[in-house]
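Undergrad: Protein chains in written order, with this note's numbering: chain A, 10 to 95; chain B, 5 to 380.
Where is the CB? At the ideal position from N, CA and C, for every residue including glycine.
1) According to DSSP, is residue 209 of chain B part of a helix, a strand, or is it coil?
2) Can you tell me the Cα-Cα spacing of residue 288 of chain B and residue 304 of chain B, whole angstroms?
3) With burial defined as no fewer than 16 other Cβ atoms inside 10 Å of the residue's Cβ, what is the status of residue 109 of chain B: buried or exposed?
4) Below 8 angstroms on C-beta distance, what does residue 311 of chain B contact in chain A?
5) Alpha carbon to alpha carbon, how far is residue 277 of chain B from residue 201 of chain B?
6) Give the single residue among B/352, B/115, B/199 whose Cα lies nearest to the Cα of residue 100 of chain B.
7) Which bits of chain B does residue 68 of chain A rub up against, with CB to CB less than 7 angstroms?
8) Span of the beta strand (DSSP E) holding residue 171 of chain B?
9) In this structure, does DSSP put residue 134 of chain B in helix, strand or coil?
10) Can you confirm whether residue 308 of chain B, when its beta carbon is compared against all beta carbons of chain A, has any partner nearer than 7 angstroms?
11) Would you verify that the beta carbon of residue 233 of chain B is, or is not, closer than 7 angstroms to some beta carbon of chain A?
12) In whole angstroms, give me the CA-to-CA distance for residue 32 of chain A and residue 76 of chain A.
13) Note the first and the last residue of the continuous beta strand (DSSP E) segment covering residue 157 of chain B.
14) State the Cα-Cα distance for the pair residue 215 of chain B and residue 150 of chain B, rounded to the nearest angstrom.
15) If you follow the beta strand (DSSP E) that residue 189 of chain B is in, where does it begin and where does it stop?
16) Quick check: is the beta carbon of residue 103 of chain B nearer than 7 angstroms to any beta carbon in chain A?
17) Name, please, each residue of chain B whose Cβ falls closer than 8 angstroms to the Cβ of residue 56 of chain A.
18) Counting only beta-carbon atoms, is residue 65 of chain A nearer than 7 angstroms to chain B?
19) Would a check of beta-carbon distances place residue 377 of chain B closer than 7 angstroms to chain A?
20) Rounding to the nearest angstrom, what Cα-Cα distance links residue 311 of chain B and residue 50 of chain A in this structure?
21) Quick one: using the 10 Å Cβ neighbour count with 16 as the cut-off for buried, is residue 161 of chain B buried or exposed?
22) Within its chain, find whatever has a CB closer than 8 angstroms to the CB of residue 36 of chain B; leave out the 5 residues flanking it on each side and keep chain order.
23) Which residues does DSSP list as the beta-bridge partners of residue 202 of chain B?
24) If you check the beta carbons only, do residue 178 of chain B and residue 142 of chain B fall under 7 angstroms apart?
25) Where residue 218 of chain B and residue 148 of chain B are concerned, what is the direct C-alpha to C-alpha distance, given to the nearest angstrom?
26) Does DSSP classify residue 83 of chain A as helix, strand or coil?
27) Between the C-alpha atoms of residue 342 of chain B and residue 348 of chain B, what's the straight-line distance to the nearest angstrom?
28) Does the structure place the region 322-340 of chain B close enough to the region 354-367 of chain B that three or more beta carbon pairs sit under 8 angstroms?
29) Does the distance from the C-beta atom of residue 321 of chain B to that of residue 247 of chain B stay below 7 angstroms?
30) Taking the alpha carbon of residue 372 of chain B as the point to measure from, which residue in B/319, B/334, B/346 has its own alpha carbon closest?
31) Run through chain E and tell me which residues come within less than 8 angstroms of residue 85 of chain A, C-beta to C-beta.
32) Can you list, in chain order, the residues of its chain with a C-beta nearer than 6 angstroms to that of residue 374 of chain B? Leave out the 5 residues immediately preceding and following it.
33) If we count Cβ pairs, one from each stretch, closer than 8 angstroms, do we get three or more for the region 221-229 of chain B versus the region 170-185 of chain B?
34) If you measure between the beta carbons of residue 245 of chain B and residue 25 of chain B, is that distance less than 7 angstroms?
35) For residue 299 of chain B and residue 317 of chain B, what's the separation of their Cα atoms in angstroms?
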């Protein structure tokens, strides 16, 4: 699961910023990728692609800083959905 | 966020309301720079204040495609009313999308019924297109927050009962719900605008306004990419759809005038240069409507591409509306230069549409930036 989620996120960031290589641990803020617009696109992408709703207390910059951080964010929400399923 | 969608009966009702009840009052509202209580009450009866709120709160629960059609119809009749409706709707929607259960429970029903009108407070004297430059502050206290600052050009501010205010908190820009009557809040109505003259704007002065902790809406410090951007996206769709309405109103008025005005031994509409104007208006109207439909469809799908699609729709529709309104005034001649004529009002209103919710120049920059980013 982690690999598939990370791959989707990595490909989205790469496509949006036209970079061919991106390490999962790379700080995308440091690369200058993050602004309000891209942060909103990221939230929309994560919620839409993985069928989750990110709660307000998880919407912090550190959760969007790297592919690894975003993967962790998605998996926490997916686990919440799984736990609350009948 | 799932909605119940929009029925064909809804769309017909929107059209009839706008054409038969609102459009005949538009010139009077424009002249008086206010919307009458009777019209505000009619919007309550038709549940339009709750367009984006769920049925259990008394709303219509429209999807964005239905919302765009509604705002085209209202914009065709009266841009001031559309402006009031969207300012209110994005506050209501932001609470639905980003609010906690208590906030949703407290505010949704009064907003849906129109007992309470919303005002969206982002712009400041030195922070318009550059929203990141805003200087209003939110200082944490033992009891919650204290807000200070100055907001300007707040659509509907003169009659709003609940303001969604963006301010700089220690962790970054955040959104706050501020009720009218809060100590330290002063509302100063503005008049004399070029267009959307009946949208009852106001400036807000916030002088040590005390707020409870639950006034914070959405994530603290992350209000720009969430509450602000998502609300503006809907606002931009409304402006784009409203501009389709302006385009259609200009086309309708121009066709009527061209068919009925004699010029020498021919009717005005028989002149080829007049037909060129009509052709441009008709084509721009159809193209703008398609762009709005695409943006609304992507917003309904929560597609990340919705943001750029909405920019394109707003950019095209607002600039096309300005062109069409200028042509409509020209085509009407002296009759288009009176204060109460439809082309004259459309001309003034269309220009405002090129400035609000991201100016034409800002739209050009972001659309080009996105195009470079999407190039493979």
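TA: The short version:
1) To locate residue 209 of chain B, count along the second chain from 1; it is residue 205. Correct three-state label for residue 209 of chain B: strand.
2) One-based indexing of the second chain puts residue 288 of chain B at position 284. One-based indexing of the second chain puts residue 304 of chain B at position 300. Cα to Cα, residue 288 of chain B sits roughly 24 angstroms from residue 304 of chain B.
3) Here residue 109 of chain B refers to the residue found at position 105 when the second chain is read from its first residue. Exposed.
4) Start at 1 with the first residue of the second chain, and residue 311 of chain B comes out as number 307. Neighbours of residue 311 of chain B on chain A, chain order: 46, 49, 50, 53.
5) In the second chain, counting from the first residue as 1, residue 277 of chain B sits at position 273. In the second chain, counting from the first residue as 1, residue 201 of chain B sits at position 197. Distance between the alpha carbons of residue 277 of chain B and residue 201 of chain B: 32 angstroms.
6) The count along the second chain starts at 1 and reaches residue 100 of chain B at position 96. Among B/352, B/115, B/199, the Cα nearest to that of residue 100 of chain B belongs to B/115.
7) Residue mapping note: residue 68 of chain A aligns to position 59 of the first chain, counting from 1. Residues of chain B passing the Cβ test: 223, 226, 230.
8) Here residue 171 of chain B refers to the residue found at position 167 when the second chain is read from its first residue. That run of the beta strand (DSSP E) goes 166-173.
9) Along the second chain, read from residue 1 onward, the residue named residue 134 of chain B stands at position 130. In this structure, residue 134 of chain B counts as coil in the three-state DSSP scheme.
10) Here the question's residue 308 of chain B lines up with position 304 in the second chain. It does: the Cβ of residue 308 of chain B has a partner Cβ on chain A nearer than 7 angstroms.
11) Taking the second chain and counting its residues from 1, the one referred to as residue 233 of chain B is at position 229. At least one chain A Cβ lies under 7 angstroms of residue 233 of chain B.
12) Locating residue 32 of chain A in the first chain gives position 23, counting from the first residue. Locating residue 76 of chain A in the first chain gives position 67, counting from the first residue. If you take the alpha carbons of residue 32 of chain A and residue 76 of chain A, they lie about 8 angstroms apart.
13) As a first step, residue 157 of chain B is located in the second chain; it is residue number 153 there, counting from the start. Per DSSP, residue 157 of chain B belongs to the beta strand (DSSP E) from 148-158.
14) Residue numbering aside, residue 215 of chain B sits at position 211 when the second chain is read from its first letter. Residue numbering aside, residue 150 of chain B sits at position 146 when the second chain is read from its first letter. Taking the straight line joining both Cα atoms gives about 6 angstroms.
15) Within the second chain, numbered from 1, the residue matching residue 189 of chain B stands at position 185. Where residue 189 of chain B is concerned, the enclosing beta strand (DSSP E) stretches over 189-193.
16) In the second chain, counting from the first residue as 1, residue 103 of chain B sits at position 99. It does not; no Cβ of chain A falls within 7 angstroms.
17) For this step, residue 56 of chain A is matched to residue 47 along the first chain. Going along chain B in sequence order, the residues near residue 56 of chain A (Cβ under 8 angstroms) are 306.
18) Position 56 of the first chain holds residue 65 of chain A. Yes, residue 65 of chain A counts as interfacial toward chain B.
19) Position 373 of the second chain, counted from the first residue, corresponds to residue 377 of chain B. Chain A contact via Cβ: present.
20) The residue given as residue 311 of chain B occupies position 307 in the second chain. The residue given as residue 50 of chain A occupies position 41 in the first chain. Looking at the two C-alpha atoms, the distance is approximately 8 angstroms.
21) Here residue 161 of chain B is taken as the residue at index 157 of the second chain, counted from 1. When all chains shown are included, residue 161 of chain B counts as buried.
22) Here residue 36 of chain B is taken as the residue at index 32 of the second chain, counted from 1. Once the five neighbours on either side are set aside, the close Cβ partners of residue 36 of chain B are 202.
23) If you number the second chain from 1, residue 202 of chain B lands on position 198. Answer is none; residue 202 of chain B lacks a bridge partner.
24) The residue labelled residue 178 of chain B in the question sits at position 174 within the second chain. The residue labelled residue 142 of chain B in the question sits at position 138 within the second chain. Contact: yes.
25) Looking up residue 218 of chain B in the second chain gives position 214. Looking up residue 148 of chain B in the second chain gives position 144. Residue 218 of chain B and residue 148 of chain B: Cα-Cα distance of roughly 8 angstroms.
26) As a position in the first chain, residue 83 of chain A is number 74, starting the count at 1. The answer is helix: DSSP assigns residue 83 of chain A an H, G or I state.
27) The sequence position of residue 342 of chain B within the second chain is 338, counting from 1. The sequence position of residue 348 of chain B within the second chain is 344, counting from 1. In a straight line, the C-alpha of residue 342 of chain B is about 7 angstroms away from that of residue 348 of chain B.
28) yes
29) Along the second chain, one-based indexing puts residue 321 of chain B at 317. Along the second chain, one-based indexing puts residue 247 of chain B at 243. Closer than 7 angstroms, so yes.
30) Stepping through the second chain from its first residue, residue 372 of chain B is reached at position 368. Closest in alpha carbon position to residue 372 of chain B, among B/319, B/334, B/346, is B/319.
31) Judged by its chain identifiers, the structure shown contains no chain E, and its protein chains are A and B.
32) If you number the second chain from 1, residue 374 of chain B lands on position 370. Cβ within range, chain order: 312.
33) yes
34) Walking along the second chain from the start, residue 245 of chain B turns up at place 241. Walking along the second chain from the start, residue 25 of chain B turns up at place 21. Contact flag unset, no.
35) Mapped onto the second chain, residue 299 of chain B falls at position 295. Mapped onto the second chain, residue 317 of chain B falls at position 313. For the pair residue 299 of chain B and residue 317 of chain B, the Cα-to-Cα distance works out to about 7 angstroms.
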